[in-house]
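Same order as they appear, the protein sequences are chains A and L.
Mapping of the first sequence onto this note's numbering: residues 16 to 327, in sequence order.
Mapping of the second sequence onto this note's numbering: residues 336 to 667, in sequence order.
We treat Cβ as the ideally placed atom computed from N, Cα and C, and that holds for glycine.
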Amino acid sequence: MSALSVRNLSVEFATARGTARAVQNVSFDLAPGERLGLVGESGSGKTTTALSLLRLIRPPGRIAAGEILLDGADMARATAAELRRMRGARIALVPQGAMNALNPVLTCGAQFDDLFAAHGAAGGAPRVGELLASVGLGAEVAELYPHQLSGGMKQRVCIALAIALRPAVIVADEPTSALDVIVQKQILKTLIAVQREIGAAVVLVGHDMGLMAQFAHRIGVMYAGRLVELAPVRDIFARPRHPYTRMLIDSLPGFGERGVFKGIQGQPPSLLTPLPGCPFAPRCAIAMARCGVEVPETRILEGGGEVRCHAA
Amino acid sequence: MAAYLLRRIGMAALVMFVALSVNFAIPRLMPGDPVEQQLAAVSAAGGQTGNMAEAAAAMRARLGLDRPLAVQYLAFLANSVRFDLGVSVASYPQPVAEIVLAGLPWTIGLLGTATLLSFVVGSLLGAMLAWPRAPKLLKFLALPVVVLSAVPYFILGIVLMALLGILWPVLPVAGGYPFGMVPNADFATALGIAKHAVLPGLSIMLASLGTWAVAMRGMVVGVLGEDYIMLAEAKGLSERRIFLAYGVRNALLPQFTQLALKLGLLVSGAILVEVIFAYPGIGYRLYVAIGQKDVFVVQGIVLLLSLSIALAMLLLDLIYPLIDPRVAARNA
């Protein structure tokens, strides 16, 4: 029984120049307690995928197709009232912009209280103190306003908010992107600790392969709205199957001799006019004639991974 | 907190001092001599014939205008602190303070009510306009309100006067109370005063509603795009709670600044409306005093304007930390 099951999720944005297919046909399962990392460059659809799990895509974006099964209910089709019940309680968000994610005119404690009130849960100062303690903050933080906290502390408050009602799934959308490297690591450690404690599954969105390697059990690589590879973290680093994944890993700077930074040549394709074949074909070093005309299907690999590539 | 308080009060006192000094200088820099003009008017009416130079000197001595400028300045400062604003030149020897204080309740009553009402209604309207789930009807309603805000309030006043006072005479068009009424603390008096306030009040409200609404709409739209709104949604809060406690609450902060500024400018804010409707407030009295070159009355009213702006700013400074915790922290 998986904690969350995403089936053929597609998200579209209606723009003045046509429909942008931000997420196409993404499917994955999350086991309880599993940590999945979603990586990809800007515009690859990783944040859109993560936010659509809570149905937080704002117009002109919309979930065009697919199912998001959580507790047997489909988030993609839930009514507004059902959504409100699920959000915060069964599936929680750790937001991207920690700097601005808390209401500036309410104390941190009040922002816990309204979560408890919205879900009819027992709250109170002792419970808030307990939650703050679990993310390494003192109980006095409840009395403080967000501007009185550092960026790292704010993100810890957000994590405490996310776990407050012991959700089955936590969606963390680049929770460390605004923080420095040392705080990044502390925050991820905290996230792992509390996630283990309540047994929640986590979807962590980011672009830092190095950070992901330390955090995730499995890594999903997104490119131009598609999940091009999904495999256990060990396999993906030891034997990346998709050429894009390989290039991502190769572009990580190492501690060895100072070399030339590799990167990946070219630009991702427009989401407005999808290519007839594999979206990565124009930048791919091993592209074949077939890649330009035929979209690769998902192939299951031994070891539990999956990849969308004709060459893999 | 005490330091903050003292600093703010000190600032207000400094503003008042500068305003007083400017207020002292300007009438003395104006061309024309109020005493001579007054005497000329009196003699033209056949009231005084005789040695005009002697009469002028006597009047200057009475008004203290014959003393050296520095002495006049110090005396002016000392008198201002005691709210002794001298006597009117035009309706000599009525004290200026009396004239000012007689007009004050009318202006505060009319403009205060109109400003507060349009703030509340306009902000509410603007907030609703920014809310995606607001009824469609509201958007149609908003259009005329926004268009009206582009029309100057005194033009609106004249139009309203023509429509509701003359074409279809349901409301009085001039004065602050029924002609010849002896004011009593009873219902009839209150009703009479209220009826006279409707048209001038309405013209101010209609002209400013749109400004409040447009400003508020912009603020709410901005706030609804903030990250904390998304997190509030992700927490499963009700739409109502998000809209009020997260959206409107935060969008109102700059509106409050605007309100305080408007309240500070209250006394001078709608002089033309008071003139058009012959409303017995400060604005009308200022208009009359300027026409009569009644220096001391003008000075007294302008002093009151500066005082009310300084007071409004002080009030804002004192209230703001209570409504925005970030301001309190910055000043602590």
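Excluding sequence positions up to five before and after Asp128 of chain A, its CB lies within less than 6 Å of the CB of Gly138, all in the same chain and listed in chain order.
Under the Cβ distance rule, Ala104 of chain A counts among the residues neighbouring chain L, one pair being separated by less than 8 Å.
Counting only unbroken stretches of 4 or more residues, the alpha helix (DSSP H) elements lying wholly within the region 82-133 of chain A are 95-101 and 123-133, in sequence order. The criterion of a C-beta distance shorter than 8 Å is not satisfied by Pro182 of chain A and Ala132 of chain A. Interface criterion not met: the Cβ of Met394 of chain L is under 8 Å from no Cβ in chain A.
Bridge pairing for Arg77 of chain A: A:Glu27 [DSSP]. Val370 of chain L is positioned such that its CB atom lies closer than 8 Å to that of Ala391 of chain L.
It is roughly 56 Å from the alpha-carbon of Asp562 of chain L to the alpha-carbon of Gly626 of chain L. In the structure shown, the three-state DSSP call for Leu45 of chain A is strand. Cβ neighbours of Ser192 of chain A within its own chain (closer than 7 Å, five residues either side excluded): Gln111. Here Gln280 of chain A carries a coil assignment [DSSP, helix/strand/coil]. DSSP places Arg241 of chain A within a strand segment (E or B) once states are collapsed to three. The three-state reading of DSSP puts Asn40 of chain A in strand, counting E and B together. Of all residues in the region 456-483 of chain L, only Pro467 come within less than 9 Å of chain A when Cβ atoms are compared, listed by chain position. Collapsing the DSSP output to three states places Pro291 of chain A in coil.
Here Ser453 of chain L is actually not in contact with Tyr488 of chain L; their C-beta atoms are around 11 Å apart, not less than 8 Å. Looking at the DSSP output, Arg50 of chain A shares a beta bridge with A:Val217. Close partners of Asp562 of chain L in chain A (Cβ separation under 9 Å): Pro110, Gln111, Gly112, Ala113, Met114, Asn115, Ala116 and Leu117. Taking the Cα positions, Ala449 of chain L is about 17 Å away from Ile493 of chain L. Cβ atoms of Leu180 of chain A and Ala136 of chain A come within 8 Å of each other, at about 6 Å. In summary, Val406 of chain L is exposed, with fewer than 16 beta-carbon neighbours lying within 10 Å of its beta-carbon over all protein chains present.
At least one C-beta of chain A is nearer than 8 Å to the C-beta of Pro660 of chain L. Straight-line spacing of the CA atoms in Gly144 of chain A and Leu341 of chain L works out to 37 Å. The shortest CA-to-CA distance from Val156 of chain A to any of A:Pro141, A:Gly124, A:Val184 and A:Ala187 is the one to A:Gly124.
Excluding its 5 nearest sequence neighbours in each direction, Met224 of chain A has C-beta neighbours in its own chain below 7 Å: Val54, Leu263, Ile264 and Leu267, listed in chain order. Straight through space, the alpha carbons of Lys204 of chain A and Ser643 of chain L are spaced by roughly 57 Å. With respect to Pro283 of chain A, Gly58 of chain A sits close: the two C-beta atoms are nearer than 8 Å. The beta-bridge partner set that DSSP reports for Ala326 of chain A is empty. The distance from the Cβ of Val308 of chain A to that of Pro291 of chain A is about 6 Å, consistent with a contact at the 8 Å cut-off.
Neighbours of Leu572 of chain L in chain A, taken as residues at a C-beta separation under 9 Å, are given in chain order as Arg99, Arg102, Gly103, Asp129, Leu130, Ala132 and Ala133. With a cutoff of 8 Å on beta-carbon distance, Asp188 of chain A and Ala65 of chain A are scored as near each other. Residue contact check for Val26 of chain A against chain L: no CB pair falls below 8 Å. Scanning L:Ala360, L:Val435 and L:Val424 for the CA closest to the CA of Gly635 of chain L turns up L:Val435.
Secondary structure of Val508 of chain L (DSSP, three-state): coil. Residue-level contact check: Tyr614 of chain L does not touch chain A, since none of the beta carbons of chain A fall below 8 Å from its beta carbon. Judged by their CB atoms, Ala18 of chain A and Phe28 of chain A are not nearer to each other than the 8 Å cut-off.
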